[in-house]
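Undergrad: Our numbering puts the first residue of the sequence shown at 463, with every later residue one more than the last. The beta carbon of each residue, even a glycine, is placed where N, CA and C say it ideally should be.
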Amino acid sequence: MGDGYKQIKIGMAPTRRSIFSAPDAIKYANLTRAKLDELGVNYVDITDINEEGLLYDDEDRKKIAAKFKAEKIDGLFLPHGNFGTEYECARLAKELDVPVLLWGPRDEAPLENGIRLRDTQCGLFATGKVLRRFDVPFTYMTNCRLDDPEFKRGLFDFLAVCNVVKKFRNMRILQIGPRPFDFWSTMCNEGELLEKFNIQLAPIPLPELTDAMKDAEKNEPDVVDSVVAYCHENMTCDISEELLRNVASLKVAMRNLATKYGASAIVIQCWNALQGQIGIMPCAANALLNEEGLPVVCETDVHGAISQVLAEAATLGDTRAMFADWTVRHPTNDNGELLQHCGPWPISVAREKPTICVPVAFDHNGAVSAEAKPGKLTIMRVDGDHGEYSMLLGHAKGCDGPFTKGTYLWIEVNNLKRLEAKVVEGPYIHHCVAIHADIVPILYEACKYIGIKPDLYDPIEDKVKAYLHGEDVTFDEV
Numbered sequence: 463m464g465d466g467y468k469q470i471k472i473g474m475a476p477t478r479r480s481i482f483s484a485p486d487a488i489k490y491a492n493l494t495r496a497k498l499d500e501l502g503v504n505y506v507d508i509t510d511i512n513e514e515g516l517l518y519d520d521e522d523r524k525k526i527a528a529k530f531k532a533e534k535i536d537g538l539f540l541p542h543g544n545f546g547t548e549y550e551c552a553r554l555a556k557e558l559d560v561p562v563l564l565w566g567p568r569d570e571a572p573l574e575n576g577i578r579l580r581d582t583q584c585g586l587f588a589t590g591k592v593l594r595r596f597d598v599p600f601t602y603m604t605n606c607r608l609d610d611p612e613f614k615r616g617l618f619d620f621l622a623v624c625n626v627v628k629k630f631r632n633m634r635i636l637q638i639g640p641r642p643f644d645f646w647s648t649m650c651n652e653g654e655l656l657e658k659f660n661i662q663l664a665p666i667p668l669p670e671l672t673d674a675m676k677d678a679e680k681n682e683p684d685v686v687d688s689v690v691a692y693c694h695e696n697m698t699c700d701i702s703e704e705l706l707r708n709v710a711s712l713k714v715a716m717r718n719l720a721t722k723y724g725a726s727a728i729v730i731q732c733w734n735a736l737q738g739q740i741g742i743m744p745c746a747a748n749a750l751l752n753e754e755g756l757p758v759v760c761e762t763d764v765h766g767a768i769s770q771v772l773a774e775a776a777t778l779g780d781t782r783a784m785f786a787d788w789t790v791r792h793p794t795n796d797n798g799e800l801l802q803h804c805g806p807w808p809i810s811v812a813r814e815k816p817t818i819c820v821p822v823a824f825d826h827n828g829a830v831s832a833e834a835k836p837g838k839l840t841i842m843r844v845d846g847d848h849g850e851y852s853m854l855l856g857h858a859k860g861c862d863g864p865f866t867k868g869t870y871l872w873i874e875v876n877n878l879k880r881l882e883a884k885v886v887e888g889p890y891i892h893h894c895v896a897i898h899a900d901i902v903p904i905l906y907e908a909c910k911y912i913g914i915k916p917d918l919y920d921p922i923e924d925k926v927k928a929y930l931h932g933e934d935v936t937f938d939e940v
């Protein structure tokens with residue numbers, strides 16, 4: 463695990479109820495703080511709000527809300543030191559409108575005189591119900607001890623969920639050119655994305671891109687030089703130096719435009735008008751930016767860009783994703799499929815040194831060819847029509863298959879016929895995102911916060927829920 467989780471800030475509001483032991487609630491709140499410190503979690507505390515550092519009073523709840531808003535927390539953690547004050551938890555969660563983690567430490571045995579000091583589990587039942595009454599979605603981490611493996615796993619999974627929600631709610635996509643005319647499948651509803659999800663598009667014409675390339679060459683030649691050098695060091699450059707410099711200028715220009723417009727991803731009309739302007743395919747430049755963690759998606763596929771942002775967010779930025787076509791079935795494996803595109807995949811996913819070259823379907827240079835690393839994968843896509851959006855989601859693994867051009871990987875799934883039908887019947891298209899990480903449970907859980915329906919292409923929903931509730935689960939469908 464990298465340190466991406468440190469970029470997520472959660473508000474910690476441990477709670478108690480007056481009829482149970484306040485000293486024990488304080489004790490467990492402090493033990494929880496110590497555990498978060500040990501794990502390096504970035505959190506905002508409430509020890510300055512009252513002497514106990516606990517949530518149980520309505521006036522204090524207002525102060526806590528104001529503090530958490532000022533700190534711009536990404537998630538709310540509600541440890542129940544004893545039974546807790548369920549209505550204060552719900553009021554706080556409702557006002558903050560961030561993902562909520564509900565948890566309490568496992569209760570000890572009653573004292574010898576029969577007295578129970580905390581009844582934490584009972585309080586979790588109550589708070590869960592009241593959160594539902596307040597229409598607040600929440601994540602439940604099983605009632606476990608601080609040193610149980612379920613605690614660390616559940617906490618870090620929640621941080622990943624918070625990252626997905628944060629990226630989704632603050633997304634702006636730079637759109638370079640309109641969609642290609644022939645690609646009706648990649649059309650999107652810009653107004654609806656803004657109204658429903660606050661996802662903004664920043665559309666610019668192709669001449670603004672070419673002007674930015676000229677500016678990069680004129681004003682940042684050393685930066686362009688460094689990109690050319692990087693390509694020679696990390697790729698086989700079956701391309702002229704003149705065109706390679708165009709690749710580098712394009713990469714620098716797109717990065718600068720993304721910064722100018724505050725974009726967290728880019729979609730580009732990669733063919734055919736662009737080639738008449740700059741003489742290259744943009745695939746290699748896309749790959750270089752994807753390697754840096756700035757998603758760039760082909761064929762102006764806005765839903766594809768949303769998908770790639772969420773997939774990488776679910777890994778807390780630790781893993782790069784591959785934007786791919788569902789292309790052809792495997793010639794001999796009935797559950798095998800080719801994921802392929804002209805070359806936008808990050809360099810780090812390749813099992814071999816990538817080559818900048820001419821693509822399979824076009825005459826211009828600037829594409830990339832390399833087979834991706836095998837291994838276990840998550841496949842996903844966010845898409846929608848008629849005002850409803852869902853997330854296709856499931857597991858796959860790399861498998862052997864024949865050579866082809868472009869960036870590619872043969873994969874195997876549990877039941878290709880079932881998956882194929884889901885893609886064809888929609889609302890999905892021939893594009894998807896693949897990533898070398900198991901993020902199915904993270905994305906499934908994040909869907910409850912972003913207004914998108916999870917759509918698992920294999921019948922594993924019970925397993926996903928079991929994993930999220932702390933059970934030891936093996937996803938062995940493929």
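Beta carbon of I914, beta carbon of S647: below 8 Å?
TA: no
Undergrad: Do G537 and L778 count as a contact pair if the criterion is CB distance below 8 Å?
TA: No.
Undergrad: Measure the alpha-carbon distance for P667 versus T509 and round it to whole angstroms.
TA: 52 Å
Undergrad: Are the beta-carbon atoms belonging to N752 and R782 less than 8 Å from one another?
TA: yes
Undergrad: Less than 7 Å between C-beta atoms, sequence neighbours within five positions excluded: which residues of the same chain meet that for I740?
TA: T672, M675, N708, L712
Undergrad: Does the contact criterion of 3 or more C-beta pairs under 8 Å hold for the stretch 904-920 versus the stretch 764-776?
TA: yes
Undergrad: Whole beta strand (DSSP E) runs in the stretch 606-691 with 3 or more residues, listed along the chain?
TA: 634-638, 662-666
Undergrad: For Q731, which three-state DSSP category applies?
TA: coil
Undergrad: Is the beta carbon of G856 less than 8 Å from the beta carbon of Y919?
TA: yes
Undergrad: Mind checking which residues open and close the beta strand (DSSP E) that includes D787?
TA: 783-791
Undergrad: Determine the direct distance from the alpha carbon of C551 to that of L517, and round the result to whole angstroms.
TA: 8 Å
Undergrad: With R813 as the anchor, note down where its beta strand (DSSP E) starts and where it stops.
TA: Counting along the chain, R813 falls outside any beta strand (DSSP E), and DSSP gives it neither H nor E.
Undergrad: Enumerated in chain order, which unbroken segments of the beta strand (DSSP E) with a length of 3 residues or greater are wholly contained in the stretch 464-546?
TA: 471-474, 504-506, 537-541
Undergrad: Alpha carbon to alpha carbon, how far is E761 from A727?
TA: 14 Å
Undergrad: In terms of alpha-carbon separation, which member of E654, G543, N696, T547 lies closest to A832?
TA: N696
Undergrad: Rounded C-beta distance between F539 and I472? I'm assuming under 8 Å.
TA: 5 Å
Undergrad: If you draw a straight line from the alpha carbon of V686 to that of E703, how long is it in whole angstroms?
TA: 12 Å
Undergrad: So which of I912, P916, D917, P903 has the shortest CA-CA distance to K925?
TA: P903
Undergrad: Using only the alpha-carbon positions, how far apart do P476 and E513 sit?
TA: 13 Å
Undergrad: If we call anything under 8 Å between Cβ atoms a contact, is R641 one with M649?
TA: Yes; because the gap between Cβ atoms is below 8 Å, this pair is in contact.
Undergrad: CB-CB under 6 Å to L871, same chain, minus the five flanking residues each way: which ones, in chain order?
TA: L801, A834, G860
Undergrad: Go ahead and pull the three-state DSSP assignment for P903.
TA: helix
Undergrad: Out of curiosity, what's the CA-to-CA distance linking V875 and G798?
TA: 7 Å
Undergrad: Quick one: which unbroken beta strand (DSSP E) runs of 3-plus residues sit fully inside the stretch 720-783? Chain order, please.
TA: 727-730
Undergrad: Distance check for A812 and Q424, CA to CA, integer angstroms please.
TA: Residue 424 lies beyond the stretch modelled for the chain, which goes from 463 to 940, so this question has no answer here.
Undergrad: Which value, in whole angstroms, describes the spacing of the CA atoms of D486 and L573?
TA: 13 Å
Undergrad: Name the DSSP bridge partner or partners of Y549?
TA: DSSP, once it has assigned bridges, lists no residue as partnering Y549.
Undergrad: So within the stretch 839-922, which uninterrupted beta strand (DSSP E) runs reach at least 3 residues, ignoring any that extend past its ends?
TA: As summarised for the stretch 839-922, the continuous beta strand (DSSP E) elements at least 3 residues long and confined to that stretch are 850-860, 869-874, 893-897, 915-918, given in chain order.
Undergrad: Candidates G837, K867, P541, N681: which alpha carbon is nearest V940's?
TA: G837
Undergrad: For Q802, which beta-bridge partners are listed by DSSP?
TA: D787, Y870
Undergrad: For the beta strand (DSSP E) holding T582, just list the boundary residues, first then last.
TA: DSSP places T582 in no beta strand (DSSP E) but in the uninterrupted alpha helix (DSSP H) bounded by 582-595.
Undergrad: Could you tell me which residues DSSP pairs with S831 in its beta bridges?
TA: T817
Undergrad: Taking V820 as the reference, which of P744, L854, K529, E923 has the closest Cα?
TA: The residue among P744, L854, K529, E923 with its C-alpha nearest the C-alpha of V820 is P744.
Undergrad: Once you ignore the five residues that flank I944 on each side, which residues in its own chain have a CB closer than 8 Å to its CB?
TA: Look at the range of the chain in this structure, 463 to 940, and you will see that residue 944 is not part of it.
Undergrad: The beta strand (DSSP E) with W565 in it runs from where to where?
TA: 562-565
Undergrad: One question on the structure: do C894 and I841 come within less than 8 Å of each other, judged by their Cβ atoms?
TA: yes
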